[in-house]
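Under my numbering, residue 434 is the last one in the sequence shown; the count climbs by one each step, no gaps.
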Amino acid sequence: MSDHQNLLAEQRRALILDEVRRRGGVRVNELTRRLNVSDMTVRRDLDALARQGVVEKVHGGAVPVAEATAHEPGFEAKSALELAAKEDIARAAAGMAAQGGAIALAGGTTVFALARRLVDVPDLTVVTNSVRAADVFHSAQRAVTPTGPAARPGAATVVLTGGVRTPSDTLVGPVADAAIRSLHFDVLFIGVHGISTEAGLSTPNLAEAETNRNFVRAARRVVVLADHTKWGTVALSSFASLDEVDALVTDAGLPPVARREIAERLPELVVADGFGETAEL
C-alpha cells in the first residue's frame, strides 16, 4: 500500500490544495494517479475544499479561488476556520513563552487561541494590539475566592497598545506603532494572512502591515503561528521576509514538500499534530 493511501483525509486535501495553488489548477484523473485513490475519493475531497472556499470546481478538476489580495475577513469569520489546527498550534507554541518573560502577541485568531493557553504562565508581561487577546487576560486577571474576587497571584501584566481597530479586532496605526517602537520583547508571536517564500509574511491591511513591521523589529525572537492553509497565500502587503522569522509553528496538514521548503529557509519549523505531540524539523 502506498504512503498516499495511508494519508488522513485532511492531509490528502492539503496536498491537493497545495497542488492547485502551485500549478493553478488540477484534473481529477491526475490526482487519482498521483494519490493512488479512487475517482470518487478525489471528487469528495474537491467538494470539501470547495465548501471551505479555497478551490473552485470546474469540469474535470479544480482551480484556485481568486481571492482579492486586499480583502480582510472579520475576526468571527476567521475564527470558524481550521479550529483543530489552531488549537494544535497554540498548544505547541505555549511552551515558547517563559515564566517572567516579556512577550508580544500580534492580532489573529491563532494568536487568540495561544493567549488562552498563556494565562497560567506566571509573571508574564504581555504587550498586544489584539483586543480579543487582551480580553482573555483581563477575564483571567481575578480569581474567585470564598470572600469574593481577588487578584490572581502571578497574573500577567498586560499592555494594550491602543490604535485604530481593524475588522479582525486588531489595533493599528500611528498610536500603536509609537507604543511598540519604544519597547523590546523576548518573543513575538504573530499570525499571518499569508506566508510564502517569495512574499514572506503578508496581510491585506496596509496599516496592520506597518504595525507588524514594528513588532518584528522590536522582538529578539519572531515566532509565526500559521495553519497549513496560509502557505502559498499572498496578501496585499508584505511586512517581513522569511529571513526575519526564527520559528514557524504550523499543523500536520502542511504537505511534505512545503515542510522541506520551509525547513531550508527557517532556523526552526514545529509541526503540531492532533495528539499533543510536535515534530521539530
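In this text, a Cβ means the ideal position worked out from N, Cα and C, and glycines have one as well.
query	result
Can you name, in chain order, every residue of its own chain whose Cβ lies under 7 Å from the Cβ of Met249, other than the five neighbours on each side?	Val340 and Val376
Measure the C-alpha to C-alpha separation of Arg180 and Val423 and round it to an integer number of angstroms.	32 Å
Between the C-alpha atoms of Arg176 and Ala362, what's the straight-line distance to the nearest angstrom?	28 Å
To the nearest angstrom, how far is it from the Cα of Ala331 to the Cα of His337?	12 Å
Would you call Thr364 buried or exposed, if buried means 16 or more other Cβ atoms sit within 10 Å of its Cβ?	buried
What's the C-alpha gap between Trp334 and Arg370?	With the sequence shown as reference, residue 334 is identified as Arg, and Trp is not the correct amino acid for it. Near 8 Å, if we compare the C-alpha coordinates of Arg370 and Arg334.
Looking at the strands, I want to know which residues DSSP matches up with Leu378.	Gly344 and Val402
Reducing DSSP to helix, strand and coil, say where Glu421 ends up.	strand
Return the chain-ordered ranges of every alpha helix (DSSP H) run that is complete within the stretch 227-275 and spans a minimum of 4 residues.	228-232, 236-247 and 262-271
Quick one: what does DSSP say Ala372 is sitting in, helix, strand or coil?	strand
Flag this pair as yes or no: are the beta carbons of Ala247 and Leu271 separated by less than 8 Å?	yes
Can you check which of these residues, Glu421, Arg366, Gly254 and Glu209, is closest to Ser394 by C-alpha distance?	Arg366
Kindly indicate which residue of Ser349, Ala425 and Ile256 has the alpha-carbon position closest to the one of Glu414.	Ser349
Short of 8 Å in beta carbon distance, which residues of its chain neighbour Ala400, apart from the five on each side in sequence? Order them along the chain.	Met249, Arg374, Val375, Val376, Val377, Leu419, Pro420, Glu421, Leu422 and Val423
Are Thr403 and Asp426 close, meaning C-beta to C-beta below 8 Å?	no
Could you check the C-alpha separation between Gly261 and Thr323 for me, to the nearest Å?	8 Å
According to DSSP, Ala393 sits in a beta bridge with which residue or residues?	Leu354
Give the DSSP-derived three-state secondary structure of Val289 in the structure shown.	helix
Since Val284 and Ile343 are thought to touch, with beta carbons under 8 Å apart, how far apart are those beta carbons, to the nearest angstrom?	So it is not a contact: roughly 16 Å between Cβ atoms.
Do you know whose CA, among Lys239, Gly385 and Pro275, lies nearest Ala255's CA?	Pro275
Among the residues of its own chain, which have a CB less than 7 Å from the CB of Leu440, if the five just before and after it don't count?	A question about residue 440 goes unanswered here, because the residues of the chain that appear run from 154 up to 434.
To the nearest angstrom, how far is the alpha carbon of Gly213 from that of Asn182?	8 Å
Using only alpha-carbon positions, find the residue among Arg244, Ala259, Thr281 and Asn282 that is nearest to Asp273.	Arg244
Only counting the same chain, and skipping five residues up and downstream in sequence, which positions put a Cβ closer than 8 Å to that of His291?	Val311
For Thr298 and Thr314, I'd like the C-alpha separation in whole angstroms.	No answer about Thr298 holds up, because its pLDDT of 46 lies below 50 and its placement is not dependable.
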